[in-house]
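Under my numbering, the first residue of the sequence shown is numbered 292, with each subsequent residue one higher.
Okay, so here's the structure we're looking at.
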Amino acid sequence: MKSDLHDIDVIFQHATDRAVCVRADEDGEDQWIPLALCEVEGDRVRGGVVTLTAPQRILEERGLV
Numbered sequence: 292m293k294s295d296l297h298d299i300d301v302i303f304q305h306a307t308d309r310a311v312c313v314r315a316d317e318d319g320e321d322q323w324i325p326l327a328l329c330e331v332e333g334d335r336v337r338g339g340v341v342t343l344t345a346p347q348r349i350l351e352e353r354g355l356v
């Protein structure tokens, strides 16, 4: 079975215990993604670039790809 997980670089905005807020680029809108549906790697500093791993469907629904 092929995995539909994809890694993309996004701009970190904020995180809670249950979700992460990111943007596709500096002019993009904030997108909240439940941590149950994704993983975030990198320094979680507002405005910094992190790697987001999530299913293709989630990335498309949020307009991140």
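Beta carbons: idealized from backbone N, C-alpha and C, even for Gly.
Just so we're clear, the structure is a prediction, and the values are computed from it rather than from any experiment.
Legend entry - For VAL311 and VAL331, believed in contact at Cβ under 8 Å, the rounded distance: Stepping through the sequence shown from its first residue, residue 331 is reached at position 40. Stepping through the sequence shown from its first residue, residue 311 is reached at position 20. Going by Cβ atoms, the distance from VAL331 to VAL311 rounds to 5 Å, so yes, they are a contact pair.
Inset, instruction - Throw me the rounded Cβ distance for the LEU343 and VAL301 pair, which I believe falls under 8 Å. - result: Translated into positions along the sequence shown, residue 343 becomes position 52. Translated into positions along the sequence shown, residue 301 becomes position 10. With 8 Å as the limit, LEU343 and VAL301 qualify as a contact, their Cβ atoms being about 5 Å apart.
Inset, instruction - Report all residues from its chain with a CB closer than 7 Å to the CB of ALA315; omit the five preceding and five following residues, and keep chain order. - result: Along the sequence shown, one-based indexing puts residue 315 at 24. Taken in chain order, the residues that qualify are VAL301, GLY354 and LEU355.
Legend entry - Inter-residue Cα distance where the pair is ALA306 and ARG348: Numbered from its first residue, the sequence shown carries residue 306 at position 15. Numbered from its first residue, the sequence shown carries residue 348 at position 57. Their backbone Cα atoms lie some 21 Å apart in a straight line.
Inset, instruction - Out of GLU352, PRO346, GLN304 and ALA345, point me to the one whose CA is closest to GLY339's CA. - result: Along the sequence shown, read from residue 1 onward, the residue named residue 339 stands at position 48. Per the Cα distances, GLN304.
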